[in-house]
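Below is one structure; the comments refer to it alone.
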Amino acid sequence: MYTGSGNREDSAAAVFIERERTTVEFYTLASGSSGNSTLICSGGTSLLVDAGISCRKLTSRLALLGNSPSELNGIFITHTHSDHICGLKVLLKNRSIPVYASEITGAELLRKVETLDESQLHILRPEEPVGVGDITVLPFPTPHDAPGSMGFHFSADGRRFAIITDLGHVPPRISEIMDGVDAAVIEANHDPDWLVNGPYPFPLQQRILGSYGHLSNEVCGDLAVQLVQSGAKLLVLGHLSAENNSPERAYQVVSGALAAAGCREVRLCVAPRDDLSEAFYV
Ligand SMILES: [Zn+2]
Ligand SMILES: [Zn+2]
Numbered sequence: 000m001y002t003g004s005g006n007r008e009d010s011a012a013a014v015f016i017e018r019e020r021t022t023v024e025f026y027t028l029a030s031g032s033s034g035n036s037t038l039i040c041s042g043g044t045s046l047l048v049d050a051g052i053s054c055r056k057l058t059s060r061l062a063l064l065g066n067s068p069s070e071l072n073g074i075f076i077t078h079t080h081s082d083h084i085c086g087l088k089v090l091l092k093n094r095s096i097p098v099y100a101s102e103i104t105g106a107e108l109l110r111k112v113e114t115l116d117e118s119q120l121h122i123l124r125p126e127e128p129v130g131v132g133d134i135t136v137l138p139f140p141t142p143h144d145a146p147g148s149m150g151f152h153f154s155a156d157g158r159r160f161a162i163i164t165d166l167g168h169v170p171p172r173i174s175e176i177m178d179g180v181d182a183a184v185i186e187a188n189h190d191p192d193w194l195v196n197g198p199y200p201f202p203l204q205q206r207i208l209g210s211y212g213h214l215s216n217e218v219c220g221d222l223a224v225q226l227v228q229s230g231a232k233l234l235v236l237g238h239l240s241a242e243n244n245s246p247e248r249a250y251q252v253v254s255g256a257l258a259a260a261g262c263r264e265v266r267l268c269v270a271p272r273d274d275l276s277e278a279f280y281v
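First residue of the sequence shown: 0, per numbering that gives the first Met the number 0; consecutive thereafter.
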């Protein structure tokens with residue numbers, strides 16, 4: 000049953016116990032087709048993935064976590080669609096936070112984000128790991144209609160976590176990279192029936208359904224089964240469409256796929272679209 004997971008209802012005692020046992024935690028600051036950002040913390044290192052909400056919202060949600068933009072050790076950008084970068088220009092104003100992106104994404108960021116100085120941009124190469132403080136990040140290409148688009152696999156203190164949204168299908172190489180993660184944010188963008196019967200114009204429907212578009216709940220369910228069978232204990236469904244999906248529907252489809260495959264040892268949550276999530280411990 001979908002329980003509205005994603006809000007902050009853990010008791011302080013439970014949170015304390017989790018903190019004792021885990022060394023990596025993450026929070027979605029927003030997740031959906033209208034804005035995306037995730038904070039990952041390990042040891043003394045804080046990384047942001049994407050800045051697709053206003054700087055005002057980003058700053059206030061970081062403040063709720065006792066964090067601030069100036070404390071970020073790096074910002075990793077998946078791709079340049081506005082729901083991933085729209086807050087970046089103001090976020091970087093008068094701040095020299097390192098920004099990490101693929102060569103193509105980086106070049107486009109330099110054109111679009113005038114507050115980004117070339118000296119703070121670090122170019123990511125596919126499958127070349129980058130260490131930032133206590134966290135090692137492995138970038139990998141994703142099939143999406145934004146050239147240079149990437150997903151990220153994080154490892155810290157023996158724990159492994161990944162963010163994989165904005166992709167039209169799951170190529171075998173991504174399956175291999177995701178194998179063995181302890182936790183992941185995975186895309187459950189749409190219900191295909193809702194999409195084709197919904198308000199979107201036909202070309203946009205085709206874009207979303209295409210192999211460089213977004214993952215449906217059904218394909219997300221297949222991915223979830225694969226991840227749990229290779230050891231994942233926590234999956235957070237993200238990048239839900241507001242028009243063509245609902246948290247209840249995404250949860251129902253993916254939890255149904257997990258149950259059908261006999262995958263019971265996993266916690267399944269849905270990231271809030273435009274709110275800070277609970278703390279997720281890897
Ligand atoms: Zn997106
Ligand atoms: Zn996108």
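In this text, a Cβ means the ideal position worked out from N, Cα and C, and glycines have one as well.
| Query | Result |
| --- | --- |
| If we ignore side chains and look at the alpha-carbon of each, how far apart do Ile16 and Thr22 end up? | Confidence in Ile16 is poor, its pLDDT being 47 and thus under 50, which makes the residue's placement too unreliable to answer from. |
| For the putative contact between His143 and Gly167, defined by C-beta atoms under 8 Å, what is the C-beta separation to the nearest angstrom? | 6 Å |
| May I ask whether a heavy atom of ligand 2 can be found less than 7 Å away from the beta carbon of His143? | yes |
| Would Asn35 be called buried (16 or more neighbouring beta carbons within 10 Å of its own) or exposed? | buried |
| Could you pull the DSSP bridge partners for Leu236 from this structure? | Ile185, Val269 |
| Which value, in whole angstroms, describes the spacing of the CA atoms of Gly261 and Arg55? | 43 Å |
| Using only the heavy atoms of ligand 2, determine whether one of them is closer than 7 Å to the beta carbon of Asp156. | no |
| Please determine whether the Cβ atom of Asp192 lies at a distance below 7 Å from any heavy atom of ligand 1. | no |
| Where do the N-terminal and C-terminal ends of the alpha helix (DSSP H) with Glu24 fall, by residue? | Run containing Glu24: none in the alpha helix (DSSP H); it sits in the beta strand (DSSP E), 23 to 29. |
| Under the rule that 16 or more other beta-carbon atoms within 10 Å means buried, what is Gln205, buried or exposed? | exposed |
| Can you give me the C-alpha to C-alpha distance between Leu38 and Arg158, rounded to a whole angstrom? | 16 Å |
| Below 8 Å on the Cβ atoms is my guess for Thr114 versus Leu91; work out the distance and round it to an integer in Å. | 4 Å |
| Going along the chain, which residues put their C-beta within less than 5 Å of some heavy atom in ligand 2? | His80, Asp165 |
| Can you check which of these residues, Ala241, Ser53, Arg94, is closest to Gly73 by C-alpha distance? | Arg94 |
| Please state whether DSSP places Leu275 in a helix, a strand or coil. | coil |
| Could you check what DSSP says for Ser59 in three-state terms: helix, strand or coil? | helix |
| Out of Gly150, Ala62, Ile134, point me to the one whose CA is closest to Pro140's CA. | Gly150 |
| Any idea what DSSP makes of Pro246, helix, strand or coil? | helix |
| Do Ala256 and Val224 count as a contact pair if the criterion is CB distance below 8 Å? | yes |
| So, helix, strand or coil for Ser154, using DSSP? | strand |
| To the nearest angstrom, how far is the alpha carbon of Asn284 from that of Thr44? | Absent from the model: residue 284. The displayed extent of the chain is 0 to 281, so no value can be given. |
| Mapping DSSP to helix, strand and coil, what is Gly212? | coil |
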